[in-house]
Amino acid sequence: MVNKTSDAASVVTGKGKIVGGVLAVLAVLVVVAIVVINSGLFTATDIQIQGSEHVTKHDAIQLIDLPEGTSLFNVDPDQITEDLKQNPWVSGVDVQRQFPHTLIITPMERKVIAIAYISSDDLAWAIGDDDTWIAPLSTSVEVDGQGNVITTGQGSNTLTGIDAALALAKHYGAVLLTDVSADVAPVSGQAVSSKAVKAGLDYVRGFSSEFLGQVKDISTPSVEAISANLNNGIEVSLGDSNDIVKKERVVTKLLSQVEGVTYINVRSPGNYTFRNAPTS
């Protein structure tokens with residue numbers, strides 16, 4: 034008679050030995066991995082930091098606190114991002130590992146969507162696409178013959194005040210916000226809290242790119258008194274930031290159908306008014 038109990042026990046014992054062997058191998062591999070990771074084989078000795086327009090390589094190096102002997106395995110991208118975000122221009126960081134020893138760190142800057150000119154302080158503040166005050170910009174800039182900002186200091190003309198702010202807005206592909214209340218007190222890295230400025234930013238986002246191309250600046254003294262000055266000299270009274278698309282549609286239609294328009298009031302787009310100069 035075949036002893037089935039004995040055979041079953043042998044099978045279990047055999048499986049147990051296999052499992053034990055696998056676990057032993059895994060344990061050895063874990064130990065080897067730990068030794069390799071903590072050895073100097075993959076130490077980040079070649080740290081490359083890419084600079085950008087407002088975050089220089091030198092500034093980035095000063096902010097990053099990378100422990101000596103850090104390996105490519107235990108580098109902490111989140112900590113590097115937190116370090117670099119001390120600079121308000123930084124919105125994020127790209128960290129790449131190139132084995133065996135290279136670490137490439139690239140700060141990514143906030144996109145500027147508006148320049149707020151505060152005339153009481155003669156300051157032009159950059160505002161990011163996340164509604165964050167980024168930093169004040171110089172209101173004395175060099176421009177070339179076409180009015181483009183020159184960063185090399187070899188421009189043919191110097192602009193100051195609101196003219197400099199307008200040139201900066203053009204440089205960043207942003208919109209200039211004017212008539213900002215003197216009680217607005219921007220702080221780098223903090224969210225915009227002014228209701229009037231936020232309403233102005235609503236218009237920046239709500240208008241089509243085609244229409245924004247016609248806008249010289251948006252005046253934001255208060256939410257109710259927001260207006261847009263177009264490049265052709267026409268003033269458009271906008272009011273609060275409701276019905277933005279409808280307001281744009283009314284303005285665009287008027288400009289295409291009526292000659293000599295000088296002023297348009299679309300605070301209430303369903304009951305708009307306008308003025309036009311008599312044509313001869």
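When we follow the numbering used here, the leftmost residue of the sequence shown carries the number 34, and every step to the right adds one.
All C-beta atoms in this analysis are idealised placements derived from N, C-alpha and C, irrespective of residue type, glycine included.
Taking residue i as part of the beta strand (DSSP E), name the residues at either end of that continuous run.
i: GLN81; result: 79-82
i: ILE267; result: Where ILE267 is concerned, there is no enclosing beta strand (DSSP E), given that its DSSP letter is neither H nor E.
i: GLY125; result: 123-131
i: SER252; result: 248-252
i: GLU175; result: 173-176
i: LEU99; result: That residue, LEU99, is in no beta strand (DSSP E); it is neither H nor E in DSSP.
Here's the rule I'm using: 16 or more other beta-carbon atoms within 10 Å means buried, otherwise exposed. How should residue i be labelled?
i: SER274; result: buried
i: GLU19; result: Any question about residue 19 goes unanswered here, given that the chain covers just 34 to 313.
i: VAL283; result: buried
i: ALA66; result: Confidence is the limiting factor: at ALA66 the pLDDT is only 48, short of 50, which leaves the residue's position unreliable, though a coordinate-based value still follows. Classification for ALA66: exposed.
i: VAL278; result: exposed
i: PRO100; result: exposed
i: PRO311; result: exposed
i: ASN120; result: buried
i: ALA232; result: buried
i: SER260; result: buried
i: ASP92; result: buried
i: ALA215; result: exposed
i: SER189; result: exposed
i: SER301; result: exposed
Measuring alpha carbon to alpha carbon, tell me which of the options ends up nearest residue i.
i: VAL176; options: ALA258, LEU136, ALA207, ALA200; result: ALA200
i: ASN262; options: SER270, VAL256, SER255; result: SER270
i: ILE137; options: ARG308, ASN181, ALA77, PHE307; result: ALA77
i: ILE267; options: SER289, THR295, VAL278, ASP276; result: THR295
i: PHE132; options: LEU105, ASP276, VAL126; result: LEU105
i: VAL157; options: THR211, PRO121, PRO140, GLN290; result: First, the residue type needs correcting, since residue 157 is Ala and not Val in the sequence shown. Nearest of THR211, PRO121, PRO140, GLN290 to ALA157, Cα basis: THR211.
i: ILE195; options: GLY206, VAL213, THR184, SER189; result: VAL213
i: ASP79; options: PRO302, THR103, VAL88; result: THR103
i: LYS249; options: ASP92, ALA198, GLU257; result: ALA198
i: THR135; options: LEU288, PHE75, PHE307, LYS286; result: PHE75
i: GLY303; options: LEU288, ASP276, GLN290; result: ASP276
i: GLN129; options: GLN179, GLN81, GLY239; result: GLN81
i: GLN83; options: ASP116, LEU117, THR139; result: THR139
i: LEU288; options: GLN247, VAL88, GLY272, ASP116; result: GLN247
i: VAL108; options: ASP127, LYS90, LYS118; result: ASP127
What are the boundary residues of the alpha helix (DSSP H) that includes residue i?
i: TYR305; result: Note, TYR305: premise wrong, no alpha helix (DSSP H); not H, not E.
i: PRO110; result: 110-117
i: VAL278; result: 277-290
i: LEU96; result: 90-96
i: VAL225; result: First-last for VAL225: undefined, no H or E at that position.
i: ILE195; result: 194-205
i: GLU142; result: It is not in any alpha helix (DSSP H) - GLU142 instead sits in the beta strand (DSSP E) that spans 135-142.
i: LEU245; result: 242-245
Do residue j and residue i count as a contact pair if the criterion is CB distance below 8 Å?
i: SER227; j: VAL220; result: no
i: GLU281; j: SER242; result: no
i: GLU292; j: ASN265; result: no
i: ALA202; j: LEU192; result: no
i: ALA229; j: PRO254; result: yes
i: HIS204; j: VAL182; result: yes
i: ASP164; j: LEU245; result: no
i: GLU142; j: TRP166; result: no
i: LYS144; j: GLY125; result: no
i: ASN298; j: THR306; result: yes
i: ALA147; j: ALA207; result: yes
Can you determine whether any heavy atom of the ligand GTP sits closer than 7 Å to the C-beta of residue i, and answer yes or no?
i: GLU268; result: Among the ligands in the structure shown, none appear at all, so the ligand GTP cannot be discussed.
*Any chance the stretch 165-176 sits against the stretch 105-117, with 3 or more Cβ pairs inside 8 Å?*
no
*Is it a yes or a no for the stretch 142-162 touching the stretch 96-106, going by three-plus beta-carbon pairs under 8 Å?*
no
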